[in-house]
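Chemist: Okay, handing you the structure first.
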Amino acid sequence: MIEFVYPALLFILGAVPIPFLQGGIRKAYLLLIPVLALLAVLALQPGSYGAAQFLSQDILIARVDKLSIVFATVFTIMALIGMVYALHLTEAGQHVAAFVYVGSALGVVFAGDYLTLYLFWEGMAFASAYLVFAQGGEKSIRAAFRYLMVHVTGGVVLLGGIVLHALASGSLLFGPIEGNISAGAYLILAGFLLNAAVPPLNAWLTDAYPEATVTGAVFMSAFTTKTAVYVLARAFPGTELLVWLGIAMALYGVVYAVLENDCRRLLAYHIVSQVGYMVAGVGIGTELAVNGATSHAFAHILYKALLFMGAGAVIYVTGRRKLTELGGLYRTMPLTVALYMIGAFAISAFPFFSGFVTKSMVVAAAGEDHRALAMLALTMASSGTFLHTGLKLPYYMFFGTDRGLEAREPPGNMLVAMAMAATLCLAIGIFPGPLYALLPYPVDFEPYTGAHITESLGVLMFTALGFVLFLKALDPENTISIDTDWFYRKGARAFMWFAERPLARYEKAMSDVSETTALPLLHRTARTGLRVDLHGVDAVVNGVAHAILDGGGVLRRLQTGVVTHYALAMIAGVIAVTAVFAVVWQ
Amino acid sequence: MIKRIVGFFGDEAHARQRRRLFYVVLVLIVAADFVVHREHAEYLWERLPGWSAVYGFVSCVLLIFVSKFLGHQGGLMRSEDYYD
């Protein structure tokens, strides 16, 4: 009996044979690995595996406890769903990248020390960037480079933090950071917050995800931000700063979603908003709050992937992504509409959908912790969530103005993947028990109370009333929104301008000066030097040489070569030394 | 069946029925909020029946107009070739 199968390795090593397999065998293989990984995760026993020493530091490749098992479970389920959705792809590259991406995310979730964590953290960044590069075209490739550069920068910050933290605490083991947060811990926190897409470090997400491939974006929506939630829950539970950042995020994403015209970018802003609930939950830090953040991450991965799959299906079929160019698809894509709406009800936290049993846990935890403002702000954000993902996006994408687009349902594998995610969204909402049993702390929370149901429905349906009354104000506009990526996109342009204009001009001016002034001066100096050399220095050197030659002649005359002369000289010397010694030192 | 349900929400022919159904649901929700049993209500608003309806509506309107204000007057929305 094998005690421990490392799921991360299953994916990463499992990626190697993909390019060599063909047709049906490859498809079967692509599904087999996630299924095996899911079984491996379900069979995991809490404990520590793969302890070793590296540079005389303790390393722990895999630490298995309840928190890591919840995330690993949903990651492997998601890998299976994502693979079904991507099954029709013929090129192996994206499948390989997705496997490495999932494997690295699992590596982070099990990492027991910072070095292992960092290694997989970078693996995630590079593997996921490929999913943007694979889309091709100038826009995507530029976005992919920006994505990669932001993540590499974040990785360097994280590594700096790890080194400082290890020097201060003397250990690389990854666990809760307690007491006062040191400089190293702040850097680690910044690295984590970047991957969690906390504003102002959020723009990489909304910049890159909509530019990724249809299938790649589904994977990306699931893993990067949720591993960040995991590491925050592991290292920084109860950090007050996170509560406020989480609330700001939840509202930030919702505000930008109003302005957005690109369907997947709108959904990406809702990742920012939803991760805000999780970050706030981690910040509150009570058992209920951490349970809430964890379960919300679980539910979020499934419904957000479902929404991305729905929007991806529309892009796959129509080739269009802007709400101003979409509409009237419900006649030709009713199944896609129905499955998308299940995801929309789940993210909006309608009763009997997954969001209802998880999001409310975070809000209840805020209430229990006497944070009235947090409670109200998060409730307001859920109103905005339904407004956009449940009303605005489906209205303009599937209903609204009929643009007469030729459309059909997407390929069968895409529909099956969406149905799998939709089934889980409903199953978790109707039977929350199994999910609650997975959570890190014992759950004493009942989502289905009468007051909670009427309260949620009140907020949601009266949001719908607002939508109906002010529909015109919500009409999508043909614009893009400025986010914090402005700083590096315009900043890079300013840098290039500086490099091309003032810097190049300065360089030219300098070379002009050297040609017109410095070079002739140098020539003249050299000529003077030559003259000084010829007449002055050479004369001195020659003079010295002559003097030495003359001295040598004198010496030569003294050296007679007769031994008795030398012996006499030595004896005279000895007598002289003795005489001096006797007279002077006596 | 799914096609018919989706069609009900899309087809112009059902617009009247849709609207009627929507308003009935709204009334039912507010009515239910008045009769529902509240075990522990820690905050003032939790004791007010119909509060969630008002808060949901106000949130929605605020989000729409504040965001659009930031987009148009705050200069967040730019033409698509802004970065080109």
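So the protein lines, in turn, are chains U and X.
So the first sequence is numbered by our numbering: it starts at 1 and just counts up by one.
So the second sequence is numbered by our numbering: it starts at 587 and just counts up by one.
Don't be surprised by glycine CBs; every beta carbon is placed ideally from N, CA and C.
Less than 8 Å between C-beta atoms, sequence neighbours within five positions excluded: which residues of the same chain meet that for residue 69/U?
Modeler: 41, 44, 46 and 438.
Chemist: Pull the bridge partners of residue 479/U from the DSSP assignment, please.
Modeler: DSSP lists 665/X as partners of residue 479/U.
Chemist: When DSSP builds the beta bridges, which residues end up paired with residue 47/U?
Modeler: 64/U, per the DSSP bridge assignment.
Chemist: For residue 369/U, collect the residues of the same chain with a Cβ closer than 8 Å to its Cβ; drop the 5 residues on either side in sequence, then sort them by chain order.
Modeler: Hits under 8 Å: 284, 286 and 289.
Chemist: Could one say the Cβ of residue 225/U lies closer than 9 Å to chain X's Cβ atoms, at least one of them?
Modeler: Closer than 9 Å: no.
Chemist: Name, please, each residue of chain X whose Cβ falls closer than 7 Å to the Cβ of residue 478/U.
Modeler: By Cβ distance, chain X contributes 666.
Chemist: Please list the partners that residue 624/X has in chain U, where partner means a Cβ-to-Cβ separation under 7 Å.
Modeler: Simply 451.
Chemist: Am I right that residue 194/U and residue 201/U are in contact with their C-beta atoms under 8 Å? What's the rounded C-beta distance?
Modeler: That belief holds up - the Cβ atoms of residue 194/U and residue 201/U are roughly 4 Å apart, short of 8 Å.
Chemist: Can you tell me which of the three DSSP states residue 52/U falls into?
Modeler: Note: residue 52/U maps to strand in three-state DSSP.
Chemist: Kindly indicate which three-state DSSP category residue 173/U falls into: helix, strand or coil?
Modeler: It is a strand residue.
Chemist: With a threshold of 6 Å on Cβ separation, who are the neighbours of residue 204/U within its own chain once the five nearest residues in sequence on each side are excluded?
Modeler: Excluding positions up to five away in sequence, the list reads 147 and 150.
Chemist: Is there a C-beta anywhere in chain U that falls below 9 Å from the one on residue 612/X?
Modeler: Chain U, which has a Cβ nearer than 9 Å to the Cβ of residue 612/X, makes this yes.
Chemist: So the candidates are 525/U, 30/U and 119/U; which of them puts its Cα closest to the Cα of residue 80/U?
Modeler: Answer by Cα proximity: 30/U.
Chemist: Report the partner residues of residue 57/U according to the DSSP bridge assignment.
Modeler: DSSP output for residue 57/U lists 54/U as bridge partner(s).
Chemist: Please list, in chain order, the chain X residues whose beta carbon lies closer than 7 Å to that of residue 380/U.
Modeler: Going along chain X in sequence order, the residues near residue 380/U (Cβ under 7 Å) are 645.
Chemist: In whole angstroms, give me the CA-to-CA distance for residue 102/U and residue 219/U.
Modeler: Cα to Cα, the separation comes out at about 8 Å.
Chemist: Under three-state DSSP, which class holds residue 653/X?
Modeler: Note: residue 653/X maps to helix in three-state DSSP.
Chemist: So with CB distances below 7 Å, who are the chain U contacts of residue 656/X?
Modeler: Chain U residues near residue 656/X: 255.
Chemist: Residues of the segment 350–375 of chain U with a CB closer than 7 Å to any CB of chain X: list them in chain order, please.
Modeler: The residues in question are 367 and 372.
Chemist: Just curious, the alpha helix (DSSP H) that residue 275/U is in, first and last residue?
Modeler: Residue 275/U -> alpha helix (DSSP H) spans 263–284.
Chemist: Mapping the DSSP letters down to three states, classify residue 670/X as helix, strand or coil.
Modeler: Coil, per DSSP.
Chemist: Do you know how far the Cα of residue 38/U is from the Cα of residue 163/U?
Modeler: So the two alpha carbons sit approximately 34 Å from each other.
Chemist: For residue 597/X, report the span of its alpha helix (DSSP H) as first-last.
Modeler: That residue, residue 597/X, is in no alpha helix (DSSP H); it is neither H nor E in DSSP.
Chemist: Per DSSP, which residues does residue 322/U bridge with? Please list them.
Modeler: Note: residue 322/U sits in a beta bridge opposite 262/U.
Chemist: So with Cβ pairs under 9 Å, would you call residue 454/U a contact of chain X?
Modeler: So yes, residue 454/U belongs to the interface.
Chemist: Terminal residues of the continuous alpha helix (DSSP H) containing residue 121/U?
Modeler: Unbroken alpha helix (DSSP H) run through residue 121/U: 114–133.
Chemist: Taking 9 Å as the CB-CB limit, is residue 627/X close to chain U?
Modeler: Yes, residue 627/X lies at the interface with chain U (some Cβ there is under 9 Å from its Cβ).
Chemist: Alpha carbons only, please: which of 273/U, 23/U, 416/U and 567/U is nearest the one belonging to residue 300/U?
Modeler: Taking only the C-alpha atoms, the option nearest residue 300/U is 273/U.
Chemist: Taking residue 271/U and residue 348/U to be in contact with their CB atoms under 8 Å, please state how far apart those CB atoms are, rounded to whole angstroms.
Modeler: About 15 Å separates the two Cβ atoms, so there is no contact after all.
Chemist: Considering only the beta carbon of each residue, do residue 440/U and residue 356/U sit closer than 9 Å?
Modeler: Their beta carbons are not under 9 Å apart, which means residue 440/U does not touch residue 356/U by this criterion.
Chemist: Starting from the C-beta of residue 479/U, find all residues in its chain whose C-beta is less than 8 Å away, skip the five residues before and the five after it, and write them out in chain order.
Modeler: If we look at residue 479/U and ignore the five residues flanking it on each side, its Cβ neighbours are 259 and 261.
Chemist: Please identify the residue among 282/U, 15/U, 316/U and 88/U whose C-alpha is closest to the C-alpha of residue 240/U.
Modeler: Closest by alpha carbon: 282/U.
Chemist: Give me the Cα-Cα distance between residue 4/U and residue 54/U, rounded to the nearest whole angstrom.
Modeler: Rounded to whole angstroms, residue 4/U to residue 54/U spans 22 Å at the Cα level.
Chemist: With respect to the alpha helix (DSSP H) encompassing residue 455/U, which residues constitute its N-terminal and C-terminal limits?
Modeler: Counting along the chain, the alpha helix (DSSP H) containing residue 455/U begins and ends at 450–469.
Chemist: Counting only the same chain and skipping the five closest in sequence on each side, list residues whose C-beta sits under 7 Å from that of residue 365/U.
Modeler: Once the five neighbours on either side are set aside, the close Cβ partners of residue 365/U are 281, 284, 286, 288, 289 and 292.
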